[in-house]
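K.L.:
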Amino acid sequence: MHRGPCSLVRVSATPVAALAVALLSSLSRCSLLEPENSVVSALSPYFGTKTRYEDVNPGLLPDPEAPRRDPELLEETCTPVQLVALIRHGTRYPTTKQIRKLRQLHGLLQARGAEDDRTRAAGRGDLGAALADWPLWYADWMDGQLVEKGRQDMRQLALRLASLFPALFSRENYGRLQLVTSSKHRCVDSGAAFLQGLWQHYHPGLPPPDVADMECGPPRINDKLMRFFDHCEKFLTQVERNATALYHVEAFKTGPEMQNILKKVADILQVPVNNLNADLIQVAFFTCSFDLAIKGVKSPWCDVFDIDDAKVLEYLNDLKQYWKRGYGYTINSRSSCTLFQDIFQHLDKAVKQKQCSQPVSSPVILQFGHAETLLPLLSLMGYFKDKEPLTAYNYKEQMHRKFRSGHIVPYASNLIFVLYHCKNAKTPKEEFRVQLLLNEKVLPLAHSQETVSLYEDLKNHYKDILQSCHTSEECELPKVNTSDEL
89 MHRGPCSLVR
99 VSATPVAALA
109 VALLSSLSRC
119 SLLEPENSVV
129 SALSPYFGTK
139 TRYEDVNPGL
149 LPDPEAPRRD
159 PELLEETCTP
169 VQLVALIRHG
179 TRYPTTKQIR
189 KLRQLHGLLQ
199 ARGAEDDRTR
209 AAGRGDLGAA
219 LADWPLWYAD
229 WMDGQLVEKG
239 RQDMRQLALR
249 LASLFPALFS
259 RENYGRLQLV
269 TSSKHRCVDS
279 GAAFLQGLWQ
289 HYHPGLPPPD
299 VADMECGPPR
309 INDKLMRFFD
319 HCEKFLTQVE
329 RNATALYHVE
339 AFKTGPEMQN
349 ILKKVADILQ
359 VPVNNLNADL
369 IQVAFFTCSF
379 DLAIKGVKSP
389 WCDVFDIDDA
399 KVLEYLNDLK
409 QYWKRGYGYT
419 INSRSSCTLF
429 QDIFQHLDKA
439 VKQKQCSQPV
449 SSPVILQFGH
459 AETLLPLLSL
469 MGYFKDKEPL
479 TAYNYKEQMH
489 RKFRSGHIVP
499 YASNLIFVLY
509 HCKNAKTPKE
519 EFRVQLLLNE
529 KVLPLAHSQE
539 TVSLYEDLKN
549 HYKDILQSCH
559 TSEECELPKV
569 NTSDEL
């Protein structure tokens with residue numbers, strides 16, 4: 089097979105080896121397949137960043153491989169010439185930290201042993217006993233890795249986008265795809281699964297080759313782009329490692345809404361309330377979401393909570409995301425400007441190539457990252473900003489807030505920039521237009537609420553960000569005077 093003119097930059101042998109190990113290890117360990125019928129819980133809309141993609145896009149449930157064309161998408165005389173997609177990884181396992189907290193909670197339930205025996209002898213079942221007997225199948229090695237359902241998320245997204253934008257995802261363009269990823273296994277594996285989905289689109293019924301043998305090979309790792317937050321010392325020092333930075337999160341944990349849930353759950357599980365805390369309650373809630381997302385099972389953990397509890401626990405998750413990911417402390421959103429610049433550099437290059445009657449060298453750019461990648465960028469662009477900040481003390485006032493992380497960045501969430509070339513434009517400025525899609529739905533522009541923008545107008549709106557992006561200066565800590573006094 090002819091190898092296309094792949095534009096990926098070659099990386100050193102060490103990252104390539106890491107990619108291969110990541111792919112092989114996750115494939116060999118994962119044997120959990122998605123069930124045929126999707127199980128739905130009444131709690132599903134409230135799982136925050138642990139939300140399944142199909143719970144945000146329920147129209148996908150009948151046929152998850154069929155594209156859902158938004159009627160606002162441009163057509164007729166405007167042809168898409170480039171697509172830049174920022175994609176969150178697919179469904180994943182819980183992290184080792186979450187698994188250990190769940191193990192701690194499971195141990196509390198099993199420690200009730202003698203009491204459970206008396207309850208069973210009296211013929212009275214209880215939820216705590218059911219959970220003590222419920223298999224704890226999570227293991228430390230899973231540690232946030234992509235699951236089979238997550239691979240399916242990516243393969244299906246690839247099939248839908250290829251059908252929605254057939255000219256961009258043509259077989260001829262396959263060798264010109266550019267893929268970039270975070271170094272985390274779940275992102276590397278998501279990129280590989282996306283490529284497998286495209287192979288399925290081009291060669292129905294044929295098993296895909298190894299990703300390394302495809303035209304463009306595996307995605308290129310670039311953590312400075314996809315994990316910019318790990319490279320911003322000011323963010324790491326002032327927010328990530330600062331015990332007081334998440335004051336509102338900790339205050340909400342000890343506030344009346346969470347304390348009511350704490351007492352209720354202690355009563356349901358028949359364990360001393362002093363043995364529980366907000367973190368254990370939250371991991372129990374997320375275990376309901378993990379069992380649903382990974383195994384398609386509605387576990388007894390889901391029966392511990394009702395919708396009112398779920399709304400409170402969603403708010404706790406949203407508080408953390410709000411303050412850490414660029415809405416409360418803006419350093420994280422400002423440090424995402426390098427990623428924003430990178431997107432517009434791709435678009436600029438495509439515009440110039442079309443103006444010179446040249447083919448666009450990279451019609452599709454795919455970047456695989458995290459919720460922590462998407463949220464700061466959306467904040468930088470002016471999206472999902474509430475009039476009042478989310479705090480520990482205004483839960484009721486924020487019931488109808490714009491910032492609901494699970495509705496913005498569920499698993500497999502995607503922010504897509506589509507550049508169009510319009511033939512019948514009256515002026516050169518009107519020749520190139522842009523639309524944004526969030527989770528495959530047209531996203532109105534933050535500043536105008538229009539569904540399409542002239543490319544030059546969009547650049548002009550964001551010119552201050554694009555022209556004054558200096559992350560090295562932005563992320564530098566203030567210098568402390570350490571001069572010695574003699």
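First residue of the sequence shown? That's 89 in the working numbering, and the numbers climb one at a time after it. We put the beta carbon where it would ideally sit given N, CA and C, even for glycine. Small disclaimer: the values here were computed from a predicted structure and weren't measured.
Near LYS351, what residues of its chain come up, given a Cβ to Cβ distance below 7 Å and the 5 sequence neighbours on each side ignored?
P.N.:
One-based indexing of the sequence shown puts residue 351 at position 263. Closer than 7 Å at the Cβ level, and outside the excluded window around LYS351, lie VAL361.
K.L.:
Using C-beta distances below 7 Å, list every residue in its chain close to LYS517, excluding the 5 sequence neighbours before and after it, in chain order.
P.N.:
As a position in the sequence shown, residue 517 is number 429, starting the count at 1. The residues are LEU542 and GLU544.
K.L.:
How would you call GLY147, buried or exposed, if buried means at least 16 neighbouring beta carbons within 10 angstroms?
P.N.:
The residue given as residue 147 occupies position 59 in the sequence shown. The residue is exposed, with fewer than 16 neighbouring Cβ atoms inside 10 Å.
K.L.:
For GLY195, count neighbouring C-beta atoms within 10 Å of its own C-beta (all shown protein chains included) and say buried if the count is 16 or more, exposed if not.
P.N.:
Your numbering for residue 195 matches position 107 in the sequence shown. With fewer than 16 Cβ atoms within 10 Å of its Cβ, GLY195 is classed as exposed.
K.L.:
Looking only at its chain, what residues have a beta carbon closer than 6 Å to the beta carbon of GLU153, apart from the 5 residues adjacent to it on each side?
P.N.:
Taking the sequence shown and counting its residues from 1, the one referred to as residue 153 is at position 65. Closer than 6 Å at Cβ, skipping near neighbours: GLN244 and LEU247.
K.L.:
What would DSSP say about ALA173, mapped onto helix, strand or coil?
P.N.:
On the sequence shown, residue 173 is found 85 positions in, with the first residue counted as 1. Reduced to three states, the DSSP call for ALA173 is strand.
K.L.:
Look at VAL530 and GLN523 and say whether their C-beta atoms are less than 7 Å apart.
P.N.:
Taking the first residue of the sequence shown as 1, we reach residue 530 at position 442. Taking the first residue of the sequence shown as 1, we reach residue 523 at position 435. Yes, they are a contact pair.
K.L.:
Grab the span of the alpha helix (DSSP H) containing ARG274 for me, first residue to last.
P.N.:
Here the question's residue 274 lines up with position 186 in the sequence shown. Residues 273 to 290.
K.L.:
Looking only at C-alpha atoms, which of SER129, TYR134 and VAL127 sits nearest to LEU401?
P.N.:
As a working note, residue 401 is residue 313 in the sequence shown. If we check each option's Cα against that of LEU401, TYR134 comes out closest.
K.L.:
State the Cα-Cα distance for the pair LEU174 and ASP355, rounded to the nearest angstrom.
P.N.:
Here residue 174 refers to the residue found at position 86 when the sequence shown is read from its first residue. Here residue 355 refers to the residue found at position 267 when the sequence shown is read from its first residue. Their backbone Cα atoms lie some 44 Å apart in a straight line.
K.L.:
Please name the residue, chosen from GLU142, ASP143, LEU161 and LYS408, that lies closest to VAL58 on a Cα-to-Cα basis.
P.N.:
Here the chain comprises residues numbered 89 to 574, so residue 58 is not present and cannot be evaluated.
K.L.:
Who pairs with PHE253 in a beta bridge, going by DSSP?
P.N.:
Numbered from its first residue, the sequence shown carries residue 253 at position 165. BP columns for PHE253 are empty, so no partner.
K.L.:
Among GLN370, GLY216, ASP394 and LEU252, whose alpha-carbon lies nearest the alpha-carbon of GLN358?
P.N.:
Reading the sequence shown from its first residue, position 270 is the one you call residue 358. When each option's Cα is compared against that of GLN358, the closest is GLY216.
K.L.:
What's the call for SER423, buried or exposed, on a 16-neighbour Cβ count within 10 Å?
P.N.:
Taking the first residue of the sequence shown as position 1, residue 423 is located at position 335. That one is buried.
K.L.:
How long is the line joining the alpha carbons of ASP367 and GLN284, rounded to whole angstroms?
P.N.:
Taking the first residue of the sequence shown as 1, we reach residue 367 at position 279. Taking the first residue of the sequence shown as 1, we reach residue 284 at position 196. Straight-line Cα distance between these residues: approximately 38 Å.
K.L.:
Can you grab the Cα-Cα spacing for the pair LEU525 / HIS488, in whole Å?
P.N.:
Within the sequence shown, numbered from 1, the residue matching residue 525 stands at position 437. Within the sequence shown, numbered from 1, the residue matching residue 488 stands at position 400. Rounded to the nearest angstrom, the two C-alpha atoms are 23 Å apart.
K.L.:
Starting from HIS458, trace the beta strand (DSSP E) in both directions and tell me its first and last residue.
P.N.:
Translated into positions along the sequence shown, residue 458 becomes position 370. From DSSP, HIS458 is part of no beta strand (DSSP E); its letter is neither H nor E.
K.L.:
Three or more C-beta pairs closer than 8 Å, one from the region 269 to 276 and one from the region 302 to 311: is that the case here?
P.N.:
In short, these stretches touch, since the Cβ pair count reaches three.
K.L.:
Taking 7 Å as the threshold (C-beta atoms), are THR418 and LEU565 in contact?
P.N.:
Residue mapping note: residue 565 aligns to position 477 of the sequence shown, counting from 1. Residue mapping note: residue 418 aligns to position 330 of the sequence shown, counting from 1. Cβ atoms of LEU565 and THR418: not closer than 7 Å.
K.L.:
Taking its Cβ as the centre, do 16 or more other Cβ atoms sit within 10 Å of TYR550, making it buried, or is it exposed?
P.N.:
Taking the first residue of the sequence shown as position 1, residue 550 is located at position 462. The residue is buried, with at least 16 neighbouring Cβ atoms inside 10 Å.
K.L.:
Span of the beta strand (DSSP E) holding ASN502?
P.N.:
One-based indexing of the sequence shown puts residue 502 at position 414. Note, ASN502: beta strand (DSSP E), 502 to 510.
K.L.:
For LEU524, name the three-state secondary structure that DSSP assigns.
P.N.:
For this step, residue 524 is matched to residue 436 along the sequence shown. Reduced to three states, the DSSP call for LEU524 is strand.
K.L.:
CYS557 by DSSP, collapsed to three states: which one?
P.N.:
Along the sequence shown, one-based indexing puts residue 557 at 469. Reduced to three states, the DSSP call for CYS557 is coil.
K.L.:
For GLN443, does the count of other Cβ atoms within 10 angstroms reach 16, so buried, or fall short, so exposed?
P.N.:
Looking up residue 443 in the sequence shown gives position 355. Its Cβ having fewer than 16 others within 10 Å, GLN443 is exposed.
K.L.:
Which residues share a DSSP beta bridge with THR167?
P.N.:
For the purposes of this step, residue 167 is taken as residue 79 along the sequence shown, with counting starting at 1. Paired residue(s): HIS509.
K.L.:
Would you mind working out which of ASP396, GLU164, ASN330 and PHE456 sits nearest TYR483, comparing C-alpha positions?
P.N.:
Along the sequence shown, read from residue 1 onward, the residue named residue 483 stands at position 395. Per the Cα distances, ASP396.
K.L.:
Assuming PRO168 and TYR403 form a contact by the criterion Cβ under 8 Å, report the distance between their Cβ atoms to the nearest whole angstrom.
P.N.:
To locate residue 168, count along the sequence shown from 1; it is residue 80. To locate residue 403, count along the sequence shown from 1; it is residue 315. The pair is not a contact, with the Cβ atoms about 38 Å apart (cut-off 8 Å).
K.L.:
Ignore the nearest five residues each way along the sequence and tell me which others in CYS557's own chain have a CB closer than 8 Å to its CB.
P.N.:
Looking up residue 557 in the sequence shown gives position 469. If we look at CYS557 and ignore the five residues flanking it on each side, its Cβ neighbours are CYS425, THR426, PHE428 and GLN429.
K.L.:
Given a cut-off of 7 Å on the beta-carbon distance, is the pair ALA575 and TYR141 in contact?
P.N.:
The question about residue 575 has no answer here: the residues shown for the chain are numbered 89 through 574.
K.L.:
For GLN409 and TYR335, I'd like the C-alpha separation in whole angstroms.
P.N.:
Numbered from 1 along the sequence shown, position 321 holds the residue referred to as residue 409. Numbered from 1 along the sequence shown, position 247 holds the residue referred to as residue 335. The straight-line gap from Cα to Cα measures roughly 13 Å.
K.L.:
Report buried or exposed for TYR262, applying the criterion of at least 16 other Cβ atoms within 10 angstroms of its Cβ.
P.N.:
Taking the first residue of the sequence shown as 1, we reach residue 262 at position 174. The residue in question, TYR262, is buried, as its Cβ has 16 or more Cβ neighbours within 10 Å.
K.L.:
Who are the Cβ neighbours of PRO388 in its own chain at under 8 Å, not counting the five residues just before and after it?
P.N.:
Along the sequence shown, read from residue 1 onward, the residue named residue 388 stands at position 300. Within the same chain, PRO388 has close Cβ partners LEU215, ALA218, LEU219 and TRP222.
K.L.:
Rank SER278, ILE553, ASN548 and ARG521 by C-alpha distance to the C-alpha of THR539 and give the top, closest one.
P.N.:
In the sequence shown, counting from the first residue as 1, residue 539 sits at position 451. Taking only the C-alpha atoms, the option nearest THR539 is ARG521.
K.L.:
What is the rounded straight-line gap between the Cα of LYS322 and the Cα of LEU503?
P.N.:
Counting from one through the sequence shown, the residue named residue 322 turns up at place 234. Counting from one through the sequence shown, the residue named residue 503 turns up at place 415. Going by the C-alpha atoms only, they are around 26 Å apart.
K.L.:
Starting from GLN446 and walking both ways along the alpha helix (DSSP H), at which residues does that stretch end?
P.N.:
Here residue 446 refers to the residue found at position 358 when the sequence shown is read from its first residue. Counting along the chain, GLN446 falls outside any alpha helix (DSSP H), and DSSP gives it neither H nor E.
K.L.:
Verify whether the separation of the beta carbon atoms of LEU265 and VAL127 is less than 7 Å.
P.N.:
Indexing the sequence shown from 1 puts residue 265 at position 177. Indexing the sequence shown from 1 puts residue 127 at position 39. Cβ atoms of LEU265 and VAL127: not closer than 7 Å.
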